[in-house]
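First the structure, in the form of structure tokens, and then the observations on it.
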Amino acid sequence: MTTTEKVHFWQQHIDDWEAMSLVGNAHCKQQSLNYYQFVYWRQRLTSVKNNLKQAPAASSNTRQR
């Protein structure tokens, strides 16, 4: 599985988990996922989203010439 495929795979599972009312471990058991991989990808994808959200705000403060 390529990195892009992994990102899509885990993003879909994280989106599904966020839509449910299960804790992460229960979701992983239900979906036959490795909980530690789930946590790794959740943290990785969350930090990417946070960095993307902060980038436009930082650039809007720069002065144009």
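In terms of my numbering, the sequence shown opens at residue -19 and continues consecutively. For each residue, glycine too, the CB sits at the ideal point set by N, CA and C. Remember, it's a predicted structure, so these values are computed and weren't measured experimentally.
{"query": "Around the C-beta of H7, are 16 or more other C-beta atoms found within 10 angstroms, so that it is buried, or is it exposed?", "result": "buried"}
{"query": "Would Q(-8) and L25 qualify as a contact pair, given that the criterion is a beta-carbon distance under 7 Å?", "result": "no"}
{"query": "Less than 7 Å between the C-beta atoms of N5 and Y16, yes or no?", "result": "no"}
{"query": "Can you tell me the Cα-Cα spacing of H(-12) and R22, whole angstroms?", "result": "12 Å"}
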